[in-house]
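Trainee: Take the first sequence: its position 215, counted from the start at 1, is 253 in the numbering used here, and no numbers get skipped. Handing you a structure now.
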Amino acid sequence: MPELPEVETIRRELAPRISGQRIRTCRVLRPDIVSYPTPDKFCRGLKNDIVREVTRKAKYLIIVLVSGKQLIFHLRLSGTIVVRPRGTKPERFTRIALSLDNHELFFNEPRVLGRAYLIENNRTAGMPKGLLSLGIEPIAPGFTTQYLHDHFKKRKAPVKAVLLDQHICAGVGNIYSDEALFHAGIRPTRRAFRVTRRETGRLVRTLKNVLKKAVRKFGTSVGDYVRTDGTNGSFQDLLYVYQREGLPCRICRTEIKAMKIGNRSTRYCPKCQKS
DNA sequence: AAGAGACCCTGTTGGC
DNA sequence: TGCCAACAGGGTCTCT
39 MPELPEVETI RRELAPRISG QRIRTCRVLR PDIVSYPTPD KFCRGLKNDI VREVTRKAKY
99 LIIVLVSGKQ LIFHLRLSGT IVVRPRGTKP ERFTRIALSL DNHELFFNEP RVLGRAYLIE
159 NNRTAGMPKG LLSLGIEPIA PGFTTQYLHD HFKKRKAPVK AVLLDQHICA GVGNIYSDEA
219 LFHAGIRPTR RAFRVTRRET GRLVRTLKNV LKKAVRKFGT SVGDYVRTDG TNGSFQDLLY
279 VYQREGLPCR ICRTEIKAMK IGNRSTRYCP KCQKS
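Right, here's the structure in full:
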């Protein structure tokens, strides 16, 4: 589940390896993975361009080219990006294959939910709408108690649902929302407007902590996520509730419970997290 | 504007 | 062993 820390890990690993590299060829092996423009224009638009830098906004990975075009990937549920030695053949779930000067870059996506976009210089045509309406990333200085509390005040949805709202908490997904709520001692079902200012302060702190630590641990490898060399991240060893239902809480030994909030599986400790 | 729910996708898992 | 439904889940869309 690539969320902010996973995409940031990919960005950090990609940047030194592909910056300055020319795109020799592009192959789209699954046309519906290319959201904009057409797969054909996508490939022709990339050919012979050169990677200038690799950036990220929330869960979007953005490869900026020397021409000014932006190659944008959203990994959704199961997308990964791997870099292989030049000449390596596409893999079982490779949907887009880019041949660079010294590497092959594969966008692997078993479930075909992820998307790629090629955006012209200084244009917004074709950009994913979500990218144009992102809130603040919790790791940014602007993500303050005041900011989050102001949003909480006007929302009566469960606090967990508000944490997953990309217009408010950019880059947060299911793993880190559950983990941050646990460390802040807040039950995910609590209505956002009932979260006190003091608790919101704690939540801001735990969100920042959890996301930063996950970046240092190269992300959480549960399910499909791997780093660009195919190896696992290691934050899964530091999870307290995510994917731990039925297991004893690491703090109080109470059994971790699972439930659904807004169609999302949610885990919490009934004792550590006050309702 | 907010909230609820459907839908997209397909590999994996679990039940019978 | 084989079949099939349920499940995973971020983002977008529709409807209220």
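For every residue, glycine included, the Cβ atom is placed at its ideal position computed from N, Cα and C. Just so you know, these numbers come straight off a predicted model, no measurement behind them.
1) Considering Ala218, what are the terminal residues of the alpha helix (DSSP H) in which it resides?
2) With a cut-off of 8 Å on the beta carbons, I'd call His112 and Pro69 a contact; round off their distance for me.
3) Is the stretch 153 to 163 close to the stretch 61 to 81, with three or more CB pairs under 8 Å?
4) I need the boundaries of the beta strand (DSSP E) containing Ile299, first residue and last residue.
5) Buried or exposed: where does Leu276 fall if 16 or more other Cβ atoms within 10 Å of its Cβ makes it buried?
6) Any contact between the stretch 273 to 292 and the stretch 233 to 246? By contact I mean 3 or more CB pairs, one from each, below 8 Å.
7) Return helix, strand or coil for Asn247, following the three-state DSSP convention.
8) Would you tell me roughly how many angstroms separate the C-alpha atoms of Arg305 and Asn212, rounded to the nearest one?
9) With Ala53 as the anchor, note down where its alpha helix (DSSP H) starts and where it stops.
10) Whole-angstrom Cβ separation of Glu147 and Ile71, contact assumed at under 8 Å?
11) Please confirm whether Phe80 and Val66 have their CB atoms less than 8 Å apart.
12) Within 10 Å of its beta-carbon, does Pro179 have 16 or more other beta-carbons around it, so buried, or fewer, so exposed?
13) I need the DSSP call for Gln274, collapsed to helix, strand or coil.
Mentor: So, from the listed chains and residues:
1) Per DSSP, Ala218 is one residue of the alpha helix (DSSP H) stretching across 212 to 222.
2) Cβ atoms of His112 and Pro69 stay farther apart than 8 Å, at about 17 Å.
3) yes
4) 295 to 299
5) With fewer than 16 Cβ atoms within 10 Å of its Cβ, Leu276 is classed as exposed.
6) No contact exists between the stretch 273 to 292 and the stretch 233 to 246.
7) helix
8) 10 Å
9) Counting along the chain, the alpha helix (DSSP H) containing Ala53 begins and ends at 42 to 56.
10) 6 Å
11) yes
12) exposed
13) helix
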